[in-house]
Amino acid sequence: MTGDEWLMKEFQTVFDEYYRSVLVTDEKGKVIRVTSEDDQQYLGKNVFDLEKRKIFYPSITAKVFKSGKRENGLQYTNTGEIFDIESIPVKNEQGKIVRVVSITKNSSEVNQLKNRLEESRRLLDNYQREVARIQQEKYEDKPFIYTSKKMEDLFELIKSVAAVDASVLVLGETGVGKQMVANQIHLLSDRNDKPFITINCGAIPENLLESELFGYEEGAFSGTRKGGKLGIFEIANNGTLFLDEIGEMSLALQVKLLRVLQEKVIMKVGGTKEKKIDVRIITATNKDLSQMVKAGTFREDLYYRINVVPIHIPSLRERREDIQALAFHFLQKFNQKYKKNVNFGSLQLEQLLSYSWPGNVRELENVVERFVVMEKPIFFREKEAAPVSLASIEKGEEEVANLFEFLENVEKQLLLKTMRKCSTTREMAKSLGVNQSTIVRKLQKYKLIKES
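Using my numbering, read the sequence shown as starting at 6 and increasing by one per residue.
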């Protein structure tokens with residue numbers, strides 16, 4: 006081997022180590038020479054056309070023609086590959102570009118970046134599937150329980166809305182089940198195998214809500230996580246995002262939410278790049294947003310964006326036909342949970358049906374759970390046939406000098422009322438859902454046997 010041959014071989018070895026290929030274009034951007042077999046397909050083609058067709062983009066060679074100087078950067082191909090390109094202009098005596106030489110580097114860092122990106126996408130897909138599974142399990146034991154015509158009509162509306170991607174605003178008092186309605190829309194939609202994420206806008210401080218929704222880049226503010234953080238919009242991508250208590254969102258954040266709804270793009274806090282997303286957004290509130298619009302505390306344009314299909318959930322007092330079915334559903338649920346066999350007496354059912362339930366389904370569930378746990382009659386104020394609650398005591402509705410005196414007085418009044426309806430202690434026990442021995446003991450305690 007001659008010295009020149011040895012030198013050329015060494016040069017080729019070094020070239021192969023650090024560079025993948027060389028591509029040369031003429032003064033118009035037409036590819037006239039390549040060194041790689043893989044790049045033979047580009048011969049005779051124009052880099053501007055290749056970039057336009059997304060064969061590779063952005064074209065670093067095309068950048069040179071625009072800037073007139075050396076350029077370098079990452080170039081993506083339609084096959085998903087990423088290359089580190091350096092393009093150098095060759096000029097004549099008049100300073101006009103006559104050739105552009107583009108060198109593709111063998112960059113292990115680029116490959117590592119690509120692998121990390123693919124791993125991140127895989128982890129995100131797995132995370133979204135896991136979130137969807139957890140959400141599904143969460144609602145499996147919470148079916149829609151109803152017998153009323155109002156709820157039947159509501160469910161028909163839910164099925165209709167689920168079939169399209171229109172924005173939905175769920176309205177109703179606290180405790181009526183707005184989140185369950187949103188979840189039903191998701192489960193009946195084509196997105197049901199994707200995440201269903203819930204965010205309570207009133208439960209997260211304003212300065213944190215934006216970063217929770219949009220995520221943030223590393224260094225966006227002090228205390229940020231290394232590598233930044235995914236936002237809820239990204240995690241819910243292709244799925245459904247439920248924004249509860251939308252009326253609590255600040256005007257500044259309302260502007261950013263409006264842009265997401267209009268343009269389907271997000272930008273992380275501290276970021277510079279926009280990202281396309283595909284998320285169905287369902288909102289809910291117990292406030293009158295139209296009045297908030299008039300007061301200037303809620304954006305009118307956002308109101309019309311989220312209120313394409315309003316769904317109003319009637320309160321429990323507006324659909325009393327459902328109370329008994331719900332009560333027995335919760336009774337069975339909590340009997341199974343606490344391994345008990347408690348049942349309602351006729352008096353308890355009568356009072357459950359006559360109470361106004363200002364806390365709606367959530368309050369009913371709480372009352373039934375407490376009844377199962379304590380295995381004692383649900384205490385009612387006889388004048389309203391309503392459960393005595395801590396809230397009523399705190400508001401001063403009940404004059405209570407001593408807790409035990411108060412409970413004993415309510416228990417005694419309940420026994421007296423039941424005695425007027427029942428002729429035996431066995432009947433009383435059945436009515437109140439307790440053992441006969443308990444009734445006898447209580448009657449003796451309050452000396453009601455003599456009174457009777």
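Ideal Cβ placement from N, Cα and C applies to all residues, glycine included.
Separation of I237 from F339, as counted between CA atoms: For the purposes of this step, residue 339 is taken as the residue at position 334 of the sequence shown. For the purposes of this step, residue 237 is taken as the residue at position 232 of the sequence shown. The alpha-carbon atoms of F339 and I237 are separated by roughly 33 angstroms.
For Q341 and D146, the rounded distance between their alpha carbons | Your numbering for residue 146 matches position 141 in the sequence shown. Your numbering for residue 341 matches position 336 in the sequence shown. Only weak support is given to the placement of D146: the predicted model assigns it a pLDDT of 47, under 50, and the question is left unresolved by the model.
- Message: Given a cut-off of 8 angstroms on the beta-carbon distance, is the pair T82 and I108 in contact?
- Response: On the sequence shown, position 77 is the one that residue 82 refers to. On the sequence shown, position 103 is the one that residue 108 refers to. Result no, Cβ atoms of T82 and I108 do not sit closer than 8 angstroms.
Specify whether the region 171–179 and the region 310–328 touch according to this definition: at least 3 beta carbon pairs, one from each stretch, less than 8 angstroms apart.
-> Contact holds: three or more Cβ-Cβ distances are below 8 angstroms.
Could you name each continuous beta strand (DSSP E) segment of 3 residues or more that falls completely within the region 290–333, going from the start of the chain to the end? For the region 290–333, whole beta strand (DSSP E) runs of length 3 or above, ordered along the chain, are 314–317.
Give the single residue among L246, A241, V105, F303 whose Cα lies nearest to the Cα of V260.
-> Here residue 260 corresponds to residue number 255 of the sequence shown, with the count starting at 1. Cα-wise, what sits closest to V260 is F303.
Where does the unbroken alpha helix (DSSP H) through F160 begin, and where does it stop? Counted from its first residue, the sequence shown places residue 160 at position 155. Per DSSP, F160 belongs to the alpha helix (DSSP H) from 154–167.
inquiry  = Which same chain residues end up closer than 6 angstroms to T288 when comparing Cβ atoms and leaving out the 5 residues on each side of it in sequence?
reply    = Taking the first residue of the sequence shown as position 1, residue 288 is located at position 283. So the list reads L174, L248, I251, I311, once near-sequence residues are dropped.
Outcome for K353 when other beta-carbon atoms lying within 10 angstroms are tallied against a minimum of 16:
Locating residue 353 in the sequence shown gives position 348, where the first residue counts as 1. Sequence inspection shows Gln at residue 353; the Lys mentioned does not correspond to that position. With 16 or more Cβ atoms within 10 Å of its Cβ, Q353 is classed as buried.
By DSSP's criteria, V29 is part of a beta bridge. Which residues make up the other side? On the sequence shown, residue 29 is found 24 positions in, with the first residue counted as 1. Under DSSP, V29 shares a beta bridge with R38, V106.
Using the three-state DSSP reduction, which class does D54 fall into: helix, strand or coil? In the sequence shown, the residue the question calls residue 54 occupies position 49. Three-state result, D54: helix.
Can you tell me whether DSSP reads R367 as helix, strand or coil?
Position 362 of the sequence shown, counted from the first residue, corresponds to residue 367. R367: helix per DSSP, three-state reduction.
Using a Cβ-Cβ distance cut-off of 8 angstroms, determine whether K68 contacts chain D. Checking the listed chains, one finds no chain D in this structure; it contains a single protein chain.
Report task. Taking V106 as the reference, give the member of K280, M297, K74 with the closest Cα. Result -> Translated into positions along the sequence shown, residue 106 becomes position 101. Nearest C-alpha to V106: K74.
inquiry  = I'd like to confirm the pairing. Which residues does DSSP put opposite E91 in its beta bridges?
reply    = Here residue 91 corresponds to residue number 86 of the sequence shown, with the count starting at 1. DSSP output for E91 lists N77, I108 as bridge partner(s).
| request: Sort out for me which residues DSSP pairs N205 with in a bridge. | output: Here residue 205 refers to the residue found at position 200 of the sequence shown. Partner(s): D249.
| Can we say the region 445–453 touches the region 412–426, given the rule of at least three CB pairs closer than 8 angstroms? | Yes: at least three Cβ pairs fall under 8 angstroms.
With a 10 Å radius around its C-beta and 16 neighbouring C-beta atoms as the bar for buried, classify I202 as buried or exposed. Position 197 of the sequence shown holds residue 202. With 16 or more other Cβ atoms inside 10 Å of its own Cβ, I202 counts as buried.
Worksheet item: How should I370 be labelled, buried or exposed, when 16 other C-beta atoms within 10 angstroms of its C-beta is the threshold for buried?
Response: As a first step, residue 370 must be located in the sequence shown, where it is residue number 365. According to the sequence shown, residue 370 is Glu rather than Ile. Counting Cβ neighbours within 10 Å, E370 comes out buried, since at least 16 surround it.
Continuous beta strand (DSSP E) stretch holding V175: start and end: The residue given as residue 175 occupies position 170 in the sequence shown. Residue range 173–176 is occupied by the beta strand (DSSP E) that includes V175.
(Q) If you follow the alpha helix (DSSP H) that K447 is in, where does it begin and where does it stop? (A) For the purposes of this step, residue 447 is identified with residue 442 of the sequence shown, where counting begins at 1. Looking at the DSSP string, the run of the alpha helix (DSSP H) that includes K447 is 441–450.
Can you list, in chain order, the residues of its chain with a C-beta nearer than 6 angstroms to that of E326? Leave out the 5 residues immediately preceding and following it. One-based indexing of the sequence shown puts residue 326 at position 321. Counting only Cβ-Cβ distances below 6 angstroms, and skipping sequence neighbours, we find T152, S153.
Worksheet item: Under a Cβ-count criterion, where at least 16 other Cβ atoms within 10 Å of its own Cβ denotes burial, should E456 be classed as buried or exposed?
Response: Within the sequence shown, numbered from 1, the residue matching residue 456 stands at position 451. Residue confidence is low: E456 scores 42 on pLDDT, short of 50, so the model does not pin down where it sits. Its coordinate-derived value is still stated next. Burial call: exposed.
Rounded C-alpha distance that separates S41 from E253:
Along the sequence shown, read from residue 1 onward, the residue named residue 41 stands at position 36. Along the sequence shown, read from residue 1 onward, the residue named residue 253 stands at position 248. If I take the Cα positions, the gap works out to 60 angstroms.
Nearest residue (CA-CA) to V284, options V270, S295, Q296, Y309
Here the question's residue 284 lines up with position 279 in the sequence shown. Ranked by Cα distance from V284, the options V270, S295, Q296, Y309 are led by V270.
- Query: Are the beta-carbon atoms belonging to G177 and N77 less than 8 angstroms from one another?
  - Reply: Along the sequence shown, one-based indexing puts residue 177 at 172. Along the sequence shown, one-based indexing puts residue 77 at 72. No, these two residues do not count as a Cβ contact at 8 angstroms.
Taking the alpha carbon of L357 as the reference point, which residue from E91, I328, V52, G301 has its own alpha carbon closest? The residue given as residue 357 occupies position 352 in the sequence shown. Between L357 and the set E91, I328, V52, G301, the nearest pair of CA atoms involves I328.
Note to self: Considering Cα atoms alone, identify which of A167, V445, M185, Y47 is closest to T429.
What the structure shows: For the purposes of this step, residue 429 is taken as the residue at position 424 of the sequence shown. Its Cα nearest to that of T429, the residue V445 stands out among A167, V445, M185, Y47.
(request) Give the secondary structure of L193 by DSSP, where H, G and I count as helix, E and B as strand, and everything else as coil. (result) As a working note, residue 193 is residue 188 in the sequence shown. Here DSSP, grouped into helix, strand and coil, assigns L193 to coil.
- Taking Cβ to Cβ, would you say I65 is nearer than 8 angstroms to I37? Translated into the one-based positions of the sequence shown, residue 65 becomes position 60. Translated into the one-based positions of the sequence shown, residue 37 becomes position 32. No, Cβ-Cβ distance for I65 and I37 is not below 8 angstroms.
**Message:** Considering only their Cβ atoms, is the gap separating V39 from Q45 smaller than 8 angstroms?
**Reply:** Taking the first residue of the sequence shown as position 1, residue 45 is located at position 40. Taking the first residue of the sequence shown as position 1, residue 39 is located at position 34. For the 8 angstroms CB-CB criterion, Q45 and V39 form a contact.
- May I have the straight-line CA-CA distance separating T443 from K435, to the nearest angstrom? Here residue 443 is taken as the residue at index 438 of the sequence shown, counted from 1. Here residue 435 is taken as the residue at index 430 of the sequence shown, counted from 1. Going by the C-alpha atoms only, they are around 11 angstroms apart.
request  = Look up T288 in the DSSP assignment and say whether it is helix, strand or coil.
outcome  = As a working note, residue 288 is residue 283 in the sequence shown. Three-state DSSP puts T288 in a strand.
- Message: Rounded to whole angstroms, what is the Cα-Cα separation between S165 and K280?
- Response: Sequence index remark: in the sequence shown, residue 165 carries index 160 (1-based). Sequence index remark: in the sequence shown, residue 280 carries index 275 (1-based). Each residue's Cα considered, the two are about 30 angstroms apart.
- Using CA coordinates, which residue listed in E217, R425, A332 is at the minimum distance from V274? Residue mapping note: residue 274 aligns to position 269 of the sequence shown, counting from 1. It is E217 whose Cα lies nearest to the Cα of V274.
Next on the checklist: Rounding to the nearest angstrom, what Cα-Cα distance links T423 and V366 in this structure?
Outcome noted: Position 418 of the sequence shown holds residue 423. Position 361 of the sequence shown holds residue 366. Rounded to whole angstroms, the gap between the alpha carbons of T423 and V366 is 27 angstroms.
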